[in-house]
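All remarks here apply to the structure that follows.
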Amino acid sequence: QVQLVESGGGLVQPGGSLRLSCVGPGSIFGINAMGWYRQAPGKEREWVAVVTTDGSAKYVDSVKGRFSISRDNAANILILQMNSLKAEDTAVYYCNSAPAVVRWWGRGTQVTVSS
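Per our numbering, the sequence shown starts with residue 23, numbered consecutively.
Quick look at the structure:
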């Protein structure tokens, strides 16, 4: 069974930073574009950032200039560096391939931005 495990979330004040990590099997990381997604309370899950196998990245407009996605293919790790966090970034953050595969969703990691 494929398992993606997210970590690094927490409570942070507005303007603060967090670094999220996702680890999983090489069978996923080796051949797929990978993405970070988030789901805020009462809202649908949305795509946040994607990175291809060669490192090219794209971001949703709301996080451009604040978030940075990267990957370590050798270690099968996906990273999301989040800076200048805002209250509206509060959500559960998930990693998955891009496009996402339903059976690969993990439990996510909670990010709460609040003073």
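Positions of the beta carbon are idealized from the N, C-alpha and C atoms, including for glycine.
These numbers come from a predicted model, not from an experiment.
Here the segment 70-86 makes no contact with the segment 128-137; the two share fewer than three CB pairs at distances below 8 Å.
Around Ser119, the same chain offers Ile50, Asn54, Ala55, Met56, Gly57, Trp126 as residues with beta carbons nearer than 8 Å, after the five sequence neighbours per side are excluded.
Of the candidates Asp94, Pro121, Tyr116, Asp94 places its Cα closest to the Cα of Gly52.
By the neighbour-count definition (other C-beta atoms within 10 Å, threshold 16), Glu66 is an exposed residue. Take the alpha-carbon of Gln25 and the one of Gly128: they are about 6 Å apart. In this structure, the straight-line span from the alpha carbon of Val123 to that of Met104 is close to 24 Å. Cβ-Cβ distances below 7 Å link Thr74 to Ala55 in the same chain, with the five nearest sequence neighbours on each side left out; the list follows chain order.
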